[in-house]
Structure formats: structure tokens, C-alpha cells
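Input: a single structure, listed below in C-alpha cells.
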Amino acid sequence: MSLIIHGIGTAVPEHSLLQAESAELAPALAGAHGRRAKTLKALYRRSGIEKRHSVILERGSGSLADRQTFFDAAPAPEDPGPTTAARMARYEADAPPLAAEAAQAALSDAGWRAADITHLVTVSCTGFFAPGPDAALINRLGLSPSAHRTHVGFMGCHGTMNGLRVASSFSGVDPGARILVSSVELCSLHLAYGEDANDLVANAIFGDGAAALVGAPPNASDREDAWTVTANGTFLLPRSEDAMSWRIGDHGFRMTLSARVPDLIQAHLKPWLDAWLGEMGLAQEEIASWAVHPGGPRILTAAEDALGLEKSANAVPREVLSEFGNMSSATILFILQRMRLQAAPRPLVALAFGPGLVVEALLIR
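For the sequence shown, our numbering assigns the number 1 to the initial residue and increments by one for each residue that follows.
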């Protein structure tokens, strides 16, 4: 079930917002004033994020009030903001072009034509419409209308890992497969009003982005140094159902994120990972590089503490978090793109965490 990575591409919305500017907007949406507003701004400063991109931004400069019109300041604490229908209308308009931009970049990186693609795997947890991103990509890129389509939806930050598992399965059964995995996440459409702690954390860390990967089964003509996905692993942490969730509300999708998440990772990640690596005859000490999805600074620290890693082991994930925020499922491909360009040593293990609480792992040689 090996998958040779031939190309990776990424894309972000045109306009971005400094985290310091986001912190100025946050109290207005939360209806927070005085000491509570200061506390909220401190949360943004501690996020490890410098900048995030968003499809709601209409201009790149000017006052914050003039740069976006989708989210108005809350006139009252009970104001819930735009409806889910309004947010989904924006998703349907803005997700396809961003996904197509990233996919075209991946095709160009591989030197492939759009017509080469035989299998299309789309990934997203921030929006729904049908016909969906898969049909939009076929039409925008000129993919074959006979390309096999699979959608991985609503799985959260580890969604692309599941998409790559699907791609690896196609690779294992069809020697002629040419697979495109596309992830697009417009997290900023779910900016939440009010003072719920879960909403405030989500508002502070998530950004918008798209990423894509093209791959194929191993072939005699492949370069010896080709990056190859050789194994996938998954583990539902025990007694963690309430630790992280992602649900559809009347005014956007709502996340819950328990303070227990770092403790759960520290308690359960290493025993499972050691067993998984052992199935492939590997020990943790033999892993040369790590790519941990930066769900937030505490997630990275928890993974490092659990595995006894130096902070430097997640230098690239921290860079991506700083420059783009957490783009949910698309983030891991931003990280792998950079590490591949830097010729990071292998074997490499990528990890991502999502609702469940579930850890997904990827082994790249």
C-alpha cells in the first residue's frame, strides 16, 4: 500500500490579518469589555501565531472595520452572528477556487497534466454543498469526468491523514492509479460570537488554507530519494469522547476542546506509537524527523513531552502555525511540503489529532 509523493501544492486566501489585529476584533465579537477584553487579547498573544489568512477579508489594508463586512460587531451579548446557511453560501463560493489553486500547484510540482488523474480524494470539515468540491475540481482543472471520487468529510484536523490512507489503498490495488488528494478548509467562516471558552480558543487559532498532494504506486522509474508513504496508523484514545468535538450549530460549526487533551496525549500517545512502530520493525529512536499537526502550542508541547522530543523537532510545524494558524486538515500538507523541500531526513512520522480523541499517524520513508 505504498504511495509515492510526486507533488505537493498549497494556497491561501489573498488577504491576511496579523494576530494583533485579530485580538482587536475579538472583544467586539465576544461582547467583552474591560478586564475580560484584556484577558481575551492575552489569549491571542500566547497562541504562537503571527498571521492568518481569511476569505472574509475583502481588502489588504485599512481599518479592520473596513476590511471585512461579513462579521459585524455584536450589538448584544446574545447576538449569534451569521447563520449557518449564510456561512455555507460563502464556503460554496470560496472553497472551490482555493482548492483548485492548490491542486494546480501540486500538479505543476509533479509535472503532471490534470488529465493524468484517475482518482480524486477531497477532504474538508468546514463546509458542505453538493455537487461538492470534487465536481468543482473536475470542472475547474479539466480532470477526467470518469475520475473516481471519494470525499472525506467532517473529520477535523486529521482529515488529510485519512485522505492519504484512502489514496494509499487505491495505490495498492491499481498500478495505473494517479491520485490527487485535495484539502480545503475555510475555518474563519465559523468565527463564533459570545464568551464560550471553547469558541474563544477556536477563534484565536484557526485560519483558512488549501493544500493538495499527487501520488502514484511505486514504479521502476521513480527516483531513489522519492518520498514514499509506507504505513498509516490510527488510535481512538480511551475515555476521550468528550475531549474534542465538532458539531453543526444554527450559527456556524462549533468546537469543544477540553483542557484534558494535553494530558490524554501525554498518557496514551507513546505506548500506542511504540506498538505501531514495532509492527514495522522500528523503534522511536530510529525516526529521523517528526511532523506534528500544530493544533495549538499546547498540542505540540504535549506531543513533545509524551515522546521525549526536543522543541526543535517541531520547528517546521511551529513555523507553519506562526505564519498561517491552524488550517485544520490542510495544515499537515503545508508542513510536509516544507520538510520535503528541505530534504528532511527519513524515516519521518507525521501525527495529527482530531475529534474522538483520535491520533492519526503516517510513516514516510
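All C-beta atoms in this analysis are idealised placements derived from N, C-alpha and C, irrespective of residue type, glycine included. All values derive from a computational prediction rather than experimental measurement.
Item	Value
Complete runs of the alpha helix (DSSP H) confined to the stretch 310 to 360 [at least 4 residues]	315 to 324, 331 to 341
CA-to-CA distance, P345 to H251, given in whole angstroms	45 Å
Selection from G215, K51, W276, D305 that minimises the alpha carbon distance to V320	K51
Whole-angstrom C-beta distance between Q19 and S47, which should lie under 8 Å	6 Å
Exposed unless 16 or more other CB atoms sit within 10 angstroms - verdict on S240	buried
Boundaries (first-last residue) of the alpha helix (DSSP H) holding S279	The sequence as given places Glu at residue 279; Ser does not occur at that position. Here the alpha helix (DSSP H) through E279 covers 261 to 279.
Complete beta strand (DSSP E) runs within the stretch 182 to 227 (minimum length 3 residues, chain order)	208 to 216
Contact check, W290 vs F235, beta carbons under 8 Å	no
Sub-8 Å separation of I8 and L336 beta-carbons	yes
For T83, the three-state DSSP class (helix, strand or coil)	coil
With 16 other Cβ atoms within 10 Å as the buried cut-off, status of P96	buried
Cβ-based burial, S63 [other Cβ within 10 Å; buried from 16]	exposed
Distance CB(A135)-CB(R178) smaller than 8 Å	no
C-alpha distance - V229 paired with A283, whole-angstrom precision	18 Å
For S168, three-class secondary structure by DSSP	helix
T301: first and last residue of the uninterrupted alpha helix (DSSP H) it sits in	297 to 307
Cβ-Cβ distance between A99 and L57 below 8 Å	no
Neighbourhood of A114 by C-beta distance below 7 Å, restricted to the same chain and skipping five residues each side	L107, L141, G142, L143
Beta-carbon spacing of F334, T126 below 8 Å	no
Collapsed DSSP secondary structure at L143 in the structure displayed	coil
V55 in three-state terms, based on DSSP	coil
Option nearest E24 by Cα separation, candidates A65, H6, S2	A65
S16 versus T39 - alpha carbon distance	24 Å
Reference E21; option with closest CA among I364, E279, A204	A204
Candidates C157, H268, M280, E14: closest to S61 by CA position	E14
Nearest-angstrom Cα separation, counted from V123 out to S2	20 Å
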